[in-house]
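Trainee:
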Amino acid sequence: MSTGFFTRLRSGGILPSDSADERLNKSLLVLATGLVCVASTLWLAVYWSLGPQLSATLPFAYQLMLAGNLAFFLYGGNFRLFRNTQLGLFLFAPFVAQWAIGNFITASGILLWGLLAPIGAILCIGAREALAWFFAYAFLVALTGFFDYYLADAATYRNALVPVETSVVFFALNFLAVSSIVFMLLRFAIEQKQIIARRLAEAHTLLEQEQERSERLLLNILPGPVAERLKQNEKNIADGFADVDLPRFFGPRIT
């Protein structure tokens, strides 16, 4: 059992029976998981170095859930469950983090990370199915903005634990990190699709070459009209039938 797990770990959960699209979807989501885990670790390290040492419980729990969900997928092989739960973590965790830190200003727009959920859904599920993920993201953004607008007051912003300079730096970092991850995922997807297209073109060329070789072989063995009828899948390939004396052919009739 452990051998199977480590085999799936090395291959990213890809099975020999997977289609080209399934292989690409699995690779994209595993890559996204790794990028988000690394980026969240760097995010917390930089945040601590700039001053406000917030609790590491939430970011650490987020990374554990991402890694644990990935390990569960590699062990069990249920990609659909892994895909939905991982996209759910991408969507909800940034909003929970922002609500825990404060508001749009103090959290430096960390909820932008939730955009990875609809982006991941487009790449790993499909354009139509991704609409639901985008509407969920837009609803949570609007809900967060509603609460920030009606529940926050001027004193909240003046007495915030996070300095304005730190918020500004992390606004830039959040935009840069999310943009970089989206770019790398899109670039990887396009590169893999181009590889698949080249392989299909090569297979099509080989098929055409085999077809031409078969046609030449038919022309060498059979007359041209007969070979052409075989190519057109006609049942009757002869122009006619010579007269045959059946009794003489089969022998005298026995009475």
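Start counting the sequence shown at 2; every next residue gets the next number (our numbering). Cβ coordinates follow ideal geometry from the N, Cα and C atoms, glycine included.
1) Please list the terminal residues of the continuous alpha helix (DSSP H) segment that includes TRP60.
2) Sorted by chain position, which residues of the same chain lie with C-beta nearer than 7 Å to ALA94's C-beta, five sequence neighbours on each side aside?
3) Tell me the DSSP secondary structure of THR4 in three-state form.
4) Find out if the Cβ-Cβ distance for the pair ALA131, ILE123 is shorter than 8 Å.
5) From ARG188 to GLY89, what does the alpha carbon distance come to, in whole angstroms?
6) Just to confirm, are GLY110 and LEU141 a CB contact at a threshold of 8 Å?
7) Closer than 7 Å: is that where the CB of ARG214 sits relative to any heavy atom of the ligand GTP?
8) Report yes if the CB atom of ILE182 is closer than 8 Å to the CB atom of ALA46, and no otherwise.
9) In terms of alpha-carbon separation, which member of ALA173, ALA128, VAL179 and LEU30 lies closest to PHE83?
10) Would DSSP call ASP19 helix, strand or coil?
Mentor: Once the coordinates are examined:
1) Taking the first residue of the sequence shown as 1, we reach residue 60 at position 59. Residue 60 is actually Pro in this sequence, not Trp. Residue range 58-77 is occupied by the alpha helix (DSSP H) that includes PRO60.
2) Here residue 94 refers to the residue found at position 93 when the sequence shown is read from its first residue. Excluding its 5 nearest sequence neighbours in each direction, ALA94 has C-beta neighbours in its own chain below 7 Å: TYR63, listed in chain order.
3) Taking the sequence shown and counting its residues from 1, the one referred to as residue 4 is at position 3. Low local confidence applies: a pLDDT of 49 at THR4 is under 50, so the model's placement there is unreliable, and no value is given.
4) For the purposes of this step, residue 131 is taken as the residue at position 130 of the sequence shown. For the purposes of this step, residue 123 is taken as the residue at position 122 of the sequence shown. Yes; because the gap between Cβ atoms is below 8 Å, this pair is in contact.
5) As a working mapping, residue 188 is identified with position 187 in the sequence shown. As a working mapping, residue 89 is identified with position 88 in the sequence shown. Take the alpha-carbon of ARG188 and the one of GLY89: they are about 23 Å apart.
6) To locate residue 110, count along the sequence shown from 1; it is residue 109. To locate residue 141, count along the sequence shown from 1; it is residue 140. No, the pair does not count as a contact, with Cβ atoms beyond the cut-off.
7) For the structure depicted, the ligand GTP is absent and the ligand set is empty, with no information on it obtainable.
8) The count along the sequence shown starts at 1 and reaches residue 182 at position 181. The count along the sequence shown starts at 1 and reaches residue 46 at position 45. For ILE182 and ALA46, no; Cβs fall outside 8 Å.
9) For this step, residue 83 is matched to residue 82 along the sequence shown. Residue LEU30 is the option with its Cα nearest to PHE83.
10) Taking the first residue of the sequence shown as position 1, residue 19 is located at position 18. ASP19 falls in the coil class under three-state DSSP.
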